[in-house]
Amino acid sequence: MAVTALPAPASRVKPSSTEIVKSGIRRRYAAERRFRLYGILAVAFGLTFLVILFTNIIARGYTSFLQSSFRLEVYLDPAVIDPSGAREENALLMADYNALAAEALMKALKLDPKSRADERAATGLLSQNADTAIRNYVLKNPGEIGKTVGMWVLATANADSVMKDVFDRTVPEARRKLSDRQLALIDRASAEGILKLRFNTGLFTYGASSQPETAGVGVALVGSFFMMMTVLLLAVPLGVMAAVYLEEFASRNRLTDLIEVNINNLAAVPSIVFGILGLAIFINLFGLPRSASLVGGLVLALMTLPTVIIATRAAIGAVPPSIREAALGVGASKMQAVTHHVLPLAFPGILTGTIIGVAKALGETAPLLMIGMVAFVVEFPKTPLEPATALPVQIYMWATAAERGFVERTSGATIILLVFLAVMNLIAVILRRRFERRW
Amino acid sequence: MPNGLLILCIALLGVLGWFAGSARANRSIRDKKAQLHSRPPYHGASVLLWTMLPSLALVLAWLVIEPIVINRAVYNSLPEPVRAESPAVRTLTMGTIEAVGRGLRSLTPAEIADARAGKADMVQLLQGKGIAIAAAPRPFMINAALLQNAMADTSRLLLTATGLGLAALGFMFGLARVTPKRRARNGVERVMLIGLGAASMVAILTTAGIVLSMLFESLHFFGHVAPQDFFFGTVWDPRFSAAGKAGGAEGQFGLLPLLWGTGYISIVALSVAVPVGLFSAIFMSEYASKTVRTVVKPLLEILAGIPTIVYGFFALVTFGPFIRDLGASVGLGISATSVLTAGFIMGVMLIPFVSSLSDDIINAVPQSLRDGSYGLGATKSETIKRVVLPAALPGIVGAILLAASRAIGETMIVVLAAGIAANLTLNPFEPVTTITVKIVSQLTGDLEFNSPQTLVAFALGLTLFVVTLALNIYALYIVRKYREQYE
């Protein structure tokens, strides 16, 4: 036969098939290892980026939870606050509290009260909020007028950046925001404990401001809260009802097919399109006020609706048919079987899906820009119809602000938002673990 | 009666109806001669529905129709020359009348008489009450405002009377229907079912709302700008139109630069997200042990849960400057906001979209295919490359298309990191702009609403919606078809 007839020397020159396979195996195993490595690299890339993102934001933002304040012993001089002595509210409101703050600061820094240059340098370190702080104190305690009270008064964002070691002192004085004299004052005040970094409660309580040190997410938190409530009150009942109908009652026909296609598509429609819808329908057609958190909530509710419906359908679908059949068997109507048995059993799943949906909605920015929530809102909104902002929108506004001090605030607000979302998702995970039921 | 109070009253009456109905149902079987068909709460619910549904429907319809009727009557009462003015002026006039009408309510009759006789200055009078109006109202406006107030008062009175009357009627009718044999449960359940069905219609309504609202405003826009100039124009230069200056269609609204920017950034994003996402999915479904998988998968999915504004901010303050400095150190002029910056960060955001969907799809490939391949002596990677991936390909394409539709519709990353200049450039280191960026910049700020500068945003939105809709439908179709294949 041909194989046996093969001359022996040729087989010595040509490698045997075992050798071919063996050398091939080495190559193939190397390819195998490479392929596996690509997979590990891909996962590592994603995880590395996650770590970089978080450390970067935390490193930039954690300082925003601290803010520099001066410890001042303010003499509430009756001659300045209330010359008439009538304790009239208007007089108390209009008094020159800046003068009091400046005086107290000069005293604290042991500067010559007559030196105009020193005074200018020192008052340049006090936040514009100083007079508001003293005024509010006086309005609350009119009895203290004439006494000396100790209080913490905010320093400017520039002084704050010196305290946080992010101020570039190598820049020539003429192009710096703080003079040499002011830097020396800050160093001395900080050494003497007059100027200190304290926990920044203002970040949570202030509204919009053009000064970084008095800008906070207070209004945004209230706005986000109103929106969350609107989403919960609208999207959850509507979504659950729609899901119950589609999963339990609807017969398969063209209409229900259309509804299903719609729901799946709405889940993937870009969020900015929902914003345009809100602008055209809720604001232009229904005449609801711009920048109101109610409109924001309505838009976010429409966005969340598909998520709730899909999660609810999955939860209802996971309830075994035997439950329904048992209920029907003892004489319950279909509606009773669903409301008394299926829904309570599906509740944990619905809750988890809802929380995740709401958390996603709370992080949305684009649709809110469309309905005018990029507003400079200082006053706290009392109702959902008043102008407000939302946490992510506040981040956007600060991110585009020119002042350097806002970068830190932006990261701080981002941390707050991320913590908020993490807590919500954690709750969802815990609920799922706690109530998950395998049939 | 204010609307809120009226609705509250009707609701209270309804709750009362609930209790009355169930009590009556209980009483009807006290002599034990008959048995109830439905449990008492169903009778209560039936009375509640009879009380509340018709009256609330009436109130709702009234509130929708009332302003239209009053507006028309007020408008018809205006003198002929006023009615002939341009629409913009007319809107202003009606607005002033409305403000005056609100102001008149806080004035005494004597003051109103003074104002009508021209003895007192209306603006000052109203300012004293804390209502600011722009210009002094002309005399006919005061008359119209008075008419408006009178009509509103009458309407309010009528609404209160009919609303409460209808609720009371329903209450009595419902209560009279409570008999042991009445199939209250069937009725109540039918209403509930209609309610559930109506809720599922909201999805259709939303889509219809999106399409219609954008379509109307887009048609408006195409009244100012020819469609071919929009769809095939290569210059985007919408010129700022100040409020008050009507028209001003001198700007150029070419879609192509925006479409190019959107597409270019999406391509860069996908060229990051697809390899990384796909290899992650392969690693996690084929190689990783169960413990690695349960830890890594949720961690990667965090990337999808981070709000896009956070990515945008990161790109703006960290990644953009980093890339710029990196480029400068090797002599490349990379601007901080560029195709590369926005595309790369967006790609990272999209990794979990690609990886989780591909993961599901790879897992859905039957084990028998793999076993067959192993049986022929293939290594794991060969099996994946030659058997699993080809089998999963349609599904993976679907996943990529879904990620592409995300990339096209993504807003905040590109707003912060892509730039605002509409460039038609091939250079990935230059800024470009996208459809979504332009929607944001045309619709935020104080632009006049009827100018093409604002309306173009709706045309852009419609374009965006149509493109993503087509991608979504096609992708969902592929994914679903593929899933069914192996089930």
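If you read the protein sequences in the order shown, they are chains A and B. Going by this note's numbering, the residue at position 152 of the first sequence is 176; the numbering climbs one at a time, nothing skipped. Going by this note's numbering, the residue at position 23 of the second sequence is 39; the numbering climbs one at a time, nothing skipped. Here a beta-carbon is modelled for each residue, glycine too, at the ideal position from N, C-alpha and C.
Closer than 8 Å, CB to CB, is B/Gly-20 near chain A or not?
no
Compare the C-beta of B/Arg-201 against all C-beta atoms of chain A and say whether one is closer than 8 Å.
yes
Considering A/Leu-90, what are the terminal residues of the beta strand (DSSP E) in which it resides?
90–99
Alpha-carbon spacing of A/Ile-49 relative to B/Val-333, whole angstroms:
49 Å
If I follow the unbroken beta strand (DSSP E) through A/Thr-172, where does it start and stop?
172–178
Counting only Cβ pairs nearer than 7 Å, list the residues of chain B close to A/Val-431.
Val-333
Buried or exposed: B/Phe-338, going by 16 or more other Cβ atoms within 10 Å of its Cβ?
exposed
Kindly indicate which three-state DSSP category A/Glu-411 falls into: helix, strand or coil?
Per the sequence shown, residue 411 of chain A should be read as Pro rather than Glu. A/Pro-411 falls in the strand class under three-state DSSP.
Roughly how many angstroms lie between the CA atoms of A/Thr-508 and A/Leu-326, to the nearest whole one?
In the structure as shown, chain A starts at 25 and stops at 463, and residue 508 of chain A therefore has no counterpart that could be examined.
Tell me, please, whether the CB atom of B/Phe-445 is closer than 8 Å to any CB atom in chain A?
no
For B/Ser-372, collect the residues of the same chain with a Cβ closer than 7 Å to its Cβ; drop the 5 residues on either side in sequence, then sort them by chain order.
Glu-317
Three-state secondary structure assigned by DSSP to B/Trp-306
At residue 306 of chain B the sequence reads Lys, which differs from the Trp that was named. Three-state DSSP puts B/Lys-306 in a helix.
Determine whether the Cβ of A/Ala-292 lies closer than 8 Å to any Cβ atom of chain B.
yes
Counting only beta-carbon separations shorter than 8 Å, does B/Ala-215 have a partner in chain A?
yes
Would you check if the distance between the CB atom of A/Ile-334 and the CB atom of A/Ala-452 is smaller than 8 Å?
no
Would you mind listing the alpha helix (DSSP H) stretches within the stretch 148–206 of chain A that are 4+ residues and don't spill past its ends, in chain order?
153–164 and 181–187
Reducing DSSP to helix, strand and coil, say where A/Phe-404 ends up.
coil
DSSP state of B/Gln-469 mapped onto helix, strand, coil:
helix
Look at B/Trp-252 and B/Leu-274 and say whether their C-beta atoms are less than 8 Å apart.
yes
What whole-angstrom Cβ distance do A/Ile-169 and A/Val-177 have, given they're in contact under 8 Å?
With a Cβ gap of about 18 Å, A/Ile-169 and A/Val-177 do not count as contacting.
Figure out for me which residue from A/Glu-272, A/Ala-54 and A/Glu-432 has the closest Cα to the Cα of A/Val-343.
A/Glu-272
Within 8 Å, do at least three Cβ pairs link the stretch 159–177 of chain B to the stretch 37–44 of chain B?
no
How far does the beta strand (DSSP E) with A/Lys-220 in it extend, from its first residue to its last?
219–223
Would A/Pro-416 pass as an interface residue toward chain B - the criterion being a Cβ-Cβ separation below 8 Å?
yes
Just to confirm before moving on: does the CB-CB distance between B/Leu-271 and B/Phe-247 stay below 8 Å?
yes
Out of curiosity, what's the CA-to-CA distance linking A/Arg-193 and B/Gln-140?
56 Å
Pick from B/Asn-439, B/Ile-416 and B/Val-453 that is closest to B/Val-431, judged by C-alpha positions
B/Val-453
Any beta carbon of chain A sitting closer than 8 Å to that of B/Ile-226?
yes
Report, in whole angstroms, the separation of the C-beta atoms of A/Met-421 and A/Val-398, which I expect to be a contact under 8 Å.
6 Å
Contacts around B/Gly-60, its chain only, beta-carbon distance under 6 Å, and the 5 residues preceding and following it disregarded:
Trp-34, Gly-37 and Ser-38
Cα-Cα, which of B/Leu-356, B/Ser-421, B/Glu-398 and B/Ile-298 is closest to B/Asn-379?
B/Ile-298
Would you call A/Ser-275 buried or exposed, if buried means 16 or more other Cβ atoms sit within 10 Å of its Cβ?
exposed
Once DSSP output is grouped into helix, strand and coil, what is the label at B/Phe-269?
strand
A/Ala-325: first and last residue of the uninterrupted alpha helix (DSSP H) it sits in:
317–341
Is it the case that the stretch 256–273 of chain A contacts the stretch 391–400 of chain B, given that we only count it when at least three CB pairs across the two stretches are under 8 Å?
no
The stretch 412–427 of chain B / the stretch 60–80 of chain A touching (three or more Cβ pairs under 8 Å):
no
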